[in-house]
Amino acid sequence: MFAFEGNLIDEPMEAALTLAVATGIGLLVGTERERRKGAGQGRAAAGIRTFALIGLLGGLAAVIGTWPVLVVAGGFVALVAALSYVYGERDDPGITTEVSLVTVFLLGVLAHELPELAAAAGVTVTVLLAARRALHDFVNRVLTEDELRDALLFAGAALVILPFVPDTTIGPYDVFNPFRVWLFVVLIMGVSGAGYIAMRAVGPQLGLALSGFAAGFVSSTATIGAMGARARQQPEVVGPTAGGAMLSSVATLVQMGIFLAAASAVTLEAMAPALIFGALLALVYGGGFALLGLRSTAEAPQTGRPFDLRVALGFPTILTIVLFASAALDETVGQRGVIAAVAIAGVADTHAPALSVASLVAAGQLDADQAVLPILMAMTTNTASKMLIAFTTGGKAYAMRVWPGLLAVLGALWAGGALALAVL
Numbered sequence: 302m303f304a305f306e307g308n309l310i311d312e313p314m315e316a317a318l319t320l321a322v323a324t325g326i327g328l329l330v331g332t333e334r335e336r337r338k339g340a341g342q343g344r345a346a347a348g349i350r351t352f353a354l355i356g357l358l359g360g361l362a363a364v365i366g367t368w369p370v371l372v373v374a375g376g377f378v379a380l381v382a383a384l385s386y387v388y389g390e391r392d393d394p395g396i397t398t399e400v401s402l403v404t405v406f407l408l409g410v411l412a413h414e415l416p417e418l419a420a421a422a423g424v425t426v427t428v429l430l431a432a433r434r435a436l437h438d439f440v441n442r443v444l445t446e447d448e449l450r451d452a453l454l455f456a457g458a459a460l461v462i463l464p465f466v467p468d469t470t471i472g473p474y475d476v477f478n479p480f481r482v483w484l485f486v487v488l489i490m491g492v493s494g495a496g497y498i499a500m501r502a503v504g505p506q507l508g509l510a511l512s513g514f515a516a517g518f519v520s521s522t523a524t525i526g527a528m529g530a531r532a533r534q535q536p537e538v539v540g541p542t543a544g545g546a547m548l549s550s551v552a553t554l555v556q557m558g559i560f561l562a563a564a565s566a567v568t569l570e571a572m573a574p575a576l577i578f579g580a581l582l583a584l585v586y587g588g589g590f591a592l593l594g595l596r597s598t599a600e601a602p603q604t605g606r607p608f609d610l611r612v613a614l615g616f617p618t619i620l621t622i623v624l625f626a627s628a629a630l631d632e633t634v635g636q637r638g639v640i641a642a643v644a645i646a647g648v649a650d651t652h653a654p655a656l657s658v659a660s661l662v663a664a665g666q667l668d669a670d671q672a673v674l675p676i677l678m679a680m681t682t683n684t685a686s687k688m689l690i691a692f693t694t695g696g697k698a699y700a701m702r703v704w705p706g707l708l709a710v711l712g713a714l715w716a717g718g719a720l721a722l723a724v725l
């Protein structure tokens, strides 16, 4: 990216933009540092003017474009930062200001090639500096040891383990995909953690409903499992968790409509009544639980942890067992055309089999009215899978609240499908 081959200035306007962005970054960060600089003999060494000049220095080093200039300028900034820390008179032993000086210089250099990125990074640095007290209070007073441990565990599962898990099917029937299974583990942890954060932020009643709806765009099945885990861990919020679980169905049906529109518009037209009926009923049912939670005067205690690793591991295990059983049944009985194949695939997910059917319609191998029944069968088997997940993760109290909603939504889907078939 940075050649530094000795070309002084390629374009005057480009150089001017670099210097303006670099100086602006220094002024932005320096403004925040000036407010914390203090006064008198004990004030900090670097304020708004120093940071502005450091940013300008980085921009000039990049515009001049020679390695010796860059090294000398960078070394000078590092030396200034070190001397400021060693000889500065202050009670705070931190090195935030010194690190900020070096950062502003590097952002000034970056502004020559990527001014937008440099400016965005400068804003981010300023926000982090300004949020000092809030961040310190969050880490020291709000975040518990268990929450920190779970956050690190989630980061390891998502960022360290997941990228190295093979994305291929292995074992009998070619249904076990290690990457997909571990992805479900990460999703369960993420959804449960999001619900926990939402509970801490806006309260358990509203937080679980909002997080359930948002997580439904990732996986409604995973959301139902995560909400069940929260209900088992905190029985006092079983109602809001049921509401969040049902609102995830709204999101997944909306997502289904988007996917079908991309694959085959005529298939979406045929499925539209079913999707609309199902989404509306899920919204009313889940929203009812959310409203009841809001009207409740009882305060649910903020206990528990972001997620239960045993539940996160148990959900994909159950799903894998169901997949193996379905594949074995398929091999023993034999597939009865598209309907049987799609219904079996729907045990794990409805979007993939629905898109497969829509692709057949787009290719002219099926008529639009012939796509309705296979997709509804996939939704039926998927509903059965969700009911099993709800009971195994959340227990009887949770299942007794979620099952009627799932069955009602399924009935609405079939009613909408019947209406569509009668019209087509």
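391 is the number that the numbering used here gives to position 90 of the sequence shown; each next residue is one higher, with no gaps. The C-beta atom is built at its ideal place from N, Cα and C for all residues, glycine as well. What you are looking at is a predicted structure, and each value in this text was computed from that prediction instead of being measured.
Could you check the C-alpha separation between residue i and residue j for me, to the nearest Å?
{"i": "residue 319", "j": "residue 365", "result": "11 angstroms"}
{"i": "residue 565", "j": "residue 660", "result": "7 angstroms"}
{"i": "residue 581", "j": "residue 710", "result": "9 angstroms"}
{"i": "residue 489", "j": "residue 690", "result": "12 angstroms"}
{"i": "residue 665", "j": "residue 427", "result": "57 angstroms"}
{"i": "residue 482", "j": "residue 618", "result": "8 angstroms"}
{"i": "residue 522", "j": "residue 695", "result": "13 angstroms"}
{"i": "residue 518", "j": "residue 559", "result": "11 angstroms"}
{"i": "residue 561", "j": "residue 687", "result": "22 angstroms"}
{"i": "residue 370", "j": "residue 480", "result": "48 angstroms"}
{"i": "residue 567", "j": "residue 593", "result": "39 angstroms"}
{"i": "residue 421", "j": "residue 368", "result": "25 angstroms"}
{"i": "residue 676", "j": "residue 524", "result": "21 angstroms"}
{"i": "residue 603", "j": "residue 586", "result": "In this prediction, residue 603 scores a pLDDT of 48, lower than 50, which makes its location untrustworthy; the coordinate-derived value is nonetheless stated afterwards. So the alpha carbons of these two residues sit roughly 25 angstroms apart."}
{"i": "residue 657", "j": "residue 678", "result": "13 angstroms"}
{"i": "residue 550", "j": "residue 704", "result": "13 angstroms"}
{"i": "residue 336", "j": "residue 360", "result": "25 angstroms"}
{"i": "residue 309", "j": "residue 317", "result": "Residue placement at residue 309 is flagged as unreliable, the pLDDT there being 49, under the threshold of 50; a coordinate-derived value is accordingly withheld."}
{"i": "residue 431", "j": "residue 537", "result": "38 angstroms"}
{"i": "residue 650", "j": "residue 702", "result": "22 angstroms"}
{"i": "residue 498", "j": "residue 652", "result": "28 angstroms"}
{"i": "residue 720", "j": "residue 645", "result": "24 angstroms"}
{"i": "residue 667", "j": "residue 520", "result": "28 angstroms"}
{"i": "residue 302", "j": "residue 452", "result": "A caution first: residue 302 carries a pLDDT of 49, below 50, which makes its placement in the model unreliable, though a value can still be read off. The straight-line gap from Cα to Cα measures roughly 35 angstroms."}
{"i": "residue 423", "j": "residue 374", "result": "19 angstroms"}
{"i": "residue 528", "j": "residue 473", "result": "32 angstroms"}
{"i": "residue 438", "j": "residue 330", "result": "22 angstroms"}
{"i": "residue 314", "j": "residue 413", "result": "11 angstroms"}
{"i": "residue 717", "j": "residue 407", "result": "60 angstroms"}
{"i": "residue 352", "j": "residue 441", "result": "30 angstroms"}
{"i": "residue 332", "j": "residue 376", "result": "24 angstroms"}
{"i": "residue 411", "j": "residue 417", "result": "9 angstroms"}
{"i": "residue 464", "j": "residue 478", "result": "14 angstroms"}
{"i": "residue 530", "j": "residue 460", "result": "23 angstroms"}
{"i": "residue 706", "j": "residue 570", "result": "25 angstroms"}
Based on Cα-Cα distance, which residue from the options lies nearest to residue i?
{"i": "residue 362", "options": "398, 430, 323 and 543", "result": "323"}
{"i": "residue 462", "options": "475, 450 and 484", "result": "484"}
{"i": "residue 458", "options": "473, 450, 384 and 486", "result": "486"}
{"i": "residue 535", "options": "698, 408 and 449", "result": "698"}
{"i": "residue 396", "options": "405, 403 and 386", "result": "386"}
{"i": "residue 552", "options": "533, 583 and 662", "result": "583"}
{"i": "residue 539", "options": "651, 408, 412 and 700", "result": "700"}
{"i": "residue 409", "options": "374, 448, 356 and 433", "result": "356"}
{"i": "residue 328", "options": "316, 556 and 405", "result": "405"}
{"i": "residue 557", "options": "719, 591, 654 and 663", "result": "654"}
{"i": "residue 448", "options": "570, 495 and 325", "result": "495"}
{"i": "residue 455", "options": "473, 491 and 475", "result": "491"}
{"i": "residue 541", "options": "555, 569, 589 and 680", "result": "589"}
{"i": "residue 663", "options": "349, 378, 354 and 563", "result": "563"}
{"i": "residue 681", "options": "692, 693, 713 and 671", "result": "713"}
{"i": "residue 325", "options": "419, 378 and 415", "result": "419"}
{"i": "residue 415", "options": "321, 435 and 706", "result": "321"}
{"i": "residue 578", "options": "433, 673 and 715", "result": "715"}
Would you list the one or two residues that DSSP bridges to residue i?
{"i": "residue 471", "result": "477"}
Shorter than 7 angstroms from the beta carbon of residue i to some beta carbon of chain C?
{"i": "residue 319", "result": "The displayed structure is made up of one protein chain only, and chain C is not part of it."}
* **At least 3 beta-carbon pairs within less than 8 angstroms: the segment 505-515 vs the segment 459-471** => no
* To do: Answer yes if the segment 540-550 comes into contact with the segment 507-524, meaning at least three C-beta pairs across the two stretches below 8 angstroms, and no otherwise.
  => yes
* Report the residue ranges of all beta strand (DSSP E) runs contained in full by the segment 505-590; include only those spanning at least 3 residues, in chain order. => none
* Would you check if there are 3 or more beta carbon pairs closer than 8 angstroms linking the segment 568-578 to the segment 716-724? => yes
* Contact the segment 375-386 vs the segment 398-407: 3+ CB pairs below 8 angstroms -> yes
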